[in-house]
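*Asks:* Last residue of the sequence shown: 187 in numbering that gives the first Met the number 0, with the numbers rising by one and none dropped.
We treat Cβ as the ideally placed atom computed from N, Cα and C, and that holds for glycine.
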Amino acid sequence: MKLPVALALSLFAGLAHAETTPYTFDTVHSKIIFKAKHLGFSWSYGEFTDFSGSFDFDSADWANSKVEVTIPVDSLEMGDATWNEHLRAPNYFNLAEHSEMRFVSTKVEKSSDSEGKLHGDLTVLGVTKPVVLDVVLNQQGPHPFSKKPRVGFSASGVLSRSEFGMTQLVPIVGDEVHLIIEIEAGGE
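1. Counting C-beta neighbours from all protein chains within 10 Å, is the total for residue 65 16 or more, i.e. buried, or is it exposed?
2. Give me, in chain order, the residues of the same chain whose beta-carbon lies closer than 6 angstroms to that of residue 34; leave out the 5 immediate sequence neighbours on both sides.
3. Report the rounded CA-to-CA distance for residue 186 versus residue 21, giving the unit in angstroms.
4. Could you tell me if residue 38 is buried or exposed, where buried requires 16 or more neighbouring beta carbons within 10 angstroms of its beta carbon?
5. Quick check on residue 119: buried or exposed, where buried means 16 or more other Cβ atoms within 10 Å of its Cβ?
6. Rounding to the nearest angstrom, what Cα-Cα distance links residue 172 and residue 36 in this structure?
7. For the putative contact between residue 155 and residue 136, defined by C-beta atoms under 8 angstroms, what is the C-beta separation to the nearest angstrom?
8. What is the C-beta distance between residue 68 and residue 92, in whole angstroms, given that I count them as a contact (C-beta under 8 angstroms)?
9. Going by alpha carbons, who is nearest to residue 58 out of 97, 179, 89 and 113?
10. Using only CA atoms, which one of 46, 122 and 26 lies nearest to residue 82?
11. Check this for me: beta carbons of residue 85 and residue 124, under 8 angstroms apart or not?
12. Quick one: is residue 27 buried, meaning 16 or more other Cβ sit within 10 Å of its Cβ, or exposed?
13. To which residues does DSSP link residue 120 through a beta bridge?
14. Sorted by chain position, which residues of the same chain lie with C-beta nearer than 8 angstroms to residue 110's C-beta, five sequence neighbours on each side aside?
15. Could you spell out where the alpha helix (DSSP H) holding residue 42 opens and where it closes?
16. Candidates 168, 52, 32 and 184: which alpha carbon is nearest residue 103's?
17. In the DSSP assignment, the alpha helix (DSSP H) including residue 18 goes from what residue to what residue?
18. Using the Cβ count rule (16 or more neighbours within 10 Å means buried), how would you classify residue 4?
19. Where does residue 184 land, buried or exposed, given buried means 16+ other C-beta within 10 angstroms?
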């Protein structure tokens, strides 16, 4: 019995296409770090120590991948209690009125075997703006101990805090905020 060519091709395409794998963030081995110029003298580094969300990755076609992340503003850590409170105040992250930030991907582009661009909408202070992050796929495969699927990415990008309404002391304190993100995630 011969299959019609169109049916045979569609069956083969279905087999060749890898499915999107849902991953859970391993927050112990993941970091969301940022840096901005402080009075022109140094780079000040901060971290958001808590985040949650969903992450689906299709290694065969990155365009099918998606990311949603929520970051509680009270997880901001600058290494100093006074500085933490200063940045949570109304002139900066305004924790009292905006308790979380959110990122939702809109497009994932693959530019080489291990590199691409993650496009998405970032909401800070109730203002949503598009951002683009450079992404590097560090490794994908079974975890050496659990043997479950594992993936790791590095991402980076630059945004303007004033575009989100965070204008306090611009330009004395840098307007450009550099993001450094390390993600490790596990699948089932």
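*Replies:* Once the coordinates are examined:
1. buried
2. 42, 44 and 177
3. 6 angstroms
4. exposed
5. buried
6. 6 angstroms
7. Actually they are not in contact, since the Cβ atoms of residue 155 and residue 136 sit about 14 angstroms apart, beyond 8 angstroms.
8. Between residue 92 and residue 68 the Cβ distance is about 16 angstroms, and since that is not below 8 angstroms, they are no contact.
9. 113
10. 46
11. no
12. exposed
13. 103 and 129
14. 116
15. Per DSSP, residue 42 belongs to no alpha helix (DSSP H); it is in the beta strand (DSSP E), 41-47.
16. 52
17. Element bounds for residue 18: n/a, residue is neither H nor E.
18. Reliability of the predicted coordinates at residue 4 is poor, the pLDDT of 38 falling under 50, and the value obtained from them is presented with this limitation in mind. It counts as exposed.
19. buried
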